Amino acid sequence: MSYKKKTTRNVRPGRKREKWTDILPRYLTFLTHMRPILRETRRIIIDLDADLLLDTEILDKIREEEEKRNFRKVRALSEFSAMYRSNIYEIIKDFLVKYRNQIPILDIKDYIIEFLYESVGALNVLLHITNPDETNLENTILYVLVKFIEERLLPRGRNLSIIYSKLLGYSSDLYDCQRHMLQPHTYYREKLESSDLFEIPGISPKVYNIINNITSLFNLDPNFGEFPERENQELPMILKSEVFEPYIDSIANAEEEAIEKISERFGLRIIDGIFIVPSEDLVDLLTENNFFRKNSQSDGKVRLIPQLSNESLFLYYLAFSSQRRGFLSRELINWISMNFAFLIYMGILKWKLSDQNIFYPIFKDLQTNEKILPYLMKLLCFPNYLGIDKMKIRDSPQYRKEIFNFIGSQIDNLKDFILEIAEFCKKFDKERKNN
């Protein structure tokens, strides 16, 4: 009788772990088809007599001829190329119709050529954003941009105190962006009451309100009790019930049931089942940054008086998430990597394209974003970059649309940060050329 030894290793079913050499070609796929279309269009406009541009039907005929010349592509690429070329020609036609009675046709032609030249330049940067073999990373735009953004929104450090100080150093200019990193638009998928103590979820709107309420109660009307770990010191404490009273009619049970886990992630703890108080680590952190002041009482005890700002506890959560980035929830990983990808993508566009460039909408179009950003998100997850679990990136087209929807409603702080990233790109490129 034959005998086959049963394996003792349990292998979880699922997707194969993708390598750098698997993802980079996918990121480049559509970009490599976008650039030739723009270059072909630029060549056509250059060769075309300016007066012929006054007849928009000529552009339609040229586009149809170009479509006939392109064949032997897989269906997805063929459909995307047709859509992309059609959008380019429609934008050119709209520009011609709008300005042909206001601007000389030769100037209009020059503007179109210049805008196409800028657009090809942007695609060149996106195509050469990194080295395929990951060599000489310090001189690649992807690496330096990840590190530039990471230092401000999700920094690394030897301990929580260092990370918190870095975040606080940038919070006066970038607090809205930092807070944005913690608030996925897909928060409803999170399981706040999850039994997995290590998984760090994003912050839902209700949790955001709860923490604001906790901050206010600590500042305005705290009780004081003994500091368990330190003699002769008193901690501020608030009643857990008071935190939830404003939301008694609307708050989801999950938040109330998960209050202990939520508190831990914000550096708080529950004492005697009824009081919310800061942990010893949070006390040290907030005292060091002047969010607690020490007040000596007549009985010789030192009372810690809270003077918290809105960002005090949220930056702790962000620092905590950054330090333990290997344990972020699926939703938070998708949200953070998508925001990093979006900031890098938009920063490069802002660097290479003038504000007047008529082709900007094509780059920002959801159909274009869906072809580029999901793979950029995965590239950013690798150890040399953000070092988070790329296996948690969702590949569902419906989910991609869901998380990209926020692109149409950027917060002002995000727009300002994109301008800062663009300026950094210019500076880095200049230094790279000089060396």
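Heads up, the sequence shown is in my numbering, so the first residue is 7 and it goes up one at a time. Heads up, the beta-carbon is just placed ideally off N, CA and C, and yes, glycines get one too. Keep in mind that this is a model prediction, so the values were computed, not measured.
Expressed to the nearest angstrom, what Euclidean distance is found between the alpha-carbon atoms of residue i and residue j?
| i | j | result |
| --- | --- | --- |
| Q108 | I94 | 22 Å |
| S328 | N165 | 10 Å |
| K10 | R331 | Unreliable placement is indicated for K10, whose pLDDT of 44 sits below 50; no coordinate value is reported for it. |
| L102 | E120 | 15 Å |
| L112 | L30 | 41 Å |
| G393 | R336 | 14 Å |
| W357 | K436 | 12 Å |
| L292 | N375 | 41 Å |
| R236 | D418 | 44 Å |
| N137 | I339 | 24 Å |
| D57 | L359 | 27 Å |
| R18 | R406 | Below a pLDDT of 50, predicted positions are generally treated as unreliable, and R18, at 48, falls in that range; the measurement from the model is reported next regardless. For R18 and R406, the distance between alpha carbons rounds to 25 Å. |
| F230 | K246 | 14 Å |
| G208 | K172 | 21 Å |
| E210 | V289 | Here residue 210 is Ser; the residue named in the question, Glu, does not match the sequence. Using only the alpha carbons, I get a separation of about 25 Å. |
| F369 | V126 | 11 Å |
| K25 | I168 | 32 Å |
When we look at the beta-carbon of residue i and count the other beta-carbons within 10 Å, is it buried (16 or more) or exposed?
| i | result |
| --- | --- |
| L442 | The displayed coordinates of the chain run from 7 to 441. Any statement about residue 442 would go beyond what the structure contains. |
| Q362 | exposed |
| R271 | buried |
| Q303 | exposed |
| F86 | buried |
| A82 | exposed |
| G175 | exposed |
| I64 | exposed |
| P234 | exposed |
| L132 | buried |
| S402 | exposed |
| R69 | buried |
| I118 | buried |
| S92 | exposed |
| R299 | exposed |
| K396 | buried |
| R438 | exposed |
Does the beta-carbon distance from residue i to residue j come in below 8 Å?
| i | j | result |
| --- | --- | --- |
| Y351 | I378 | yes |
| L321 | Y170 | yes |
| L314 | I155 | no |
| G306 | N238 | yes |
| L59 | I114 | yes |
| R309 | N301 | yes |
| K104 | T62 | no |
| V249 | I268 | no |
| K384 | I399 | yes |
| I206 | L324 | no |
| L37 | L180 | no |
| L34 | H186 | no |
Checking contacts by CB at 8 Å: is residue i closer than that to chain B?
| i | result |
| --- | --- |
| F298 | Annotation note: the requested chain B is absent from the structure, which comprises a single protein chain. |
May I ask you to check if the CB of residue i is nearer than 7 Å to at least one heavy atom of the ligand HEM?
| i | result |
| --- | --- |
| S247 | No copy of the ligand HEM occurs in the structure displayed, which carries no ligand at all. |
Runs of beta strand (DSSP E) lying entirely within the region 297–352, each at least 3 residues, in chain order: 298–302, 308–312
Contact between the region 128–148 and the region 333–347 is defined here as three or more beta-carbon pairs at a separation below 8 Å; is this criterion met? no
Report the residue ranges of all alpha helix (DSSP H) runs contained in full by the region 217–286; include only those spanning at least 4 residues, in chain order. 246–250, 259–263, 265–271
Kindly confirm or deny that the region 185–193 and the region 422–441 touch, where touching means at least three C-beta pairs closer than 8 Å. no
Evaluate contact between the region 386–402 and the region 36–51, counting only Cβ atoms and requiring at least three cross-stretch pairs below 8 Å. no
Where are the alpha helix (DSSP H) runs, 4 residues long or more, that stay fully inside the region 106–167, in chain order? 111–133, 147–159
For the region 35–103, which segments carrying the alpha helix (DSSP H) assignment without a break, of at least 4 residues, lie completely within its bounds, in sequence order? 62–75
Counting only runs that start and end within the region 369–420, where is the alpha helix (DSSP H) found for 4 or more residues in a row? 372–386, 403–410
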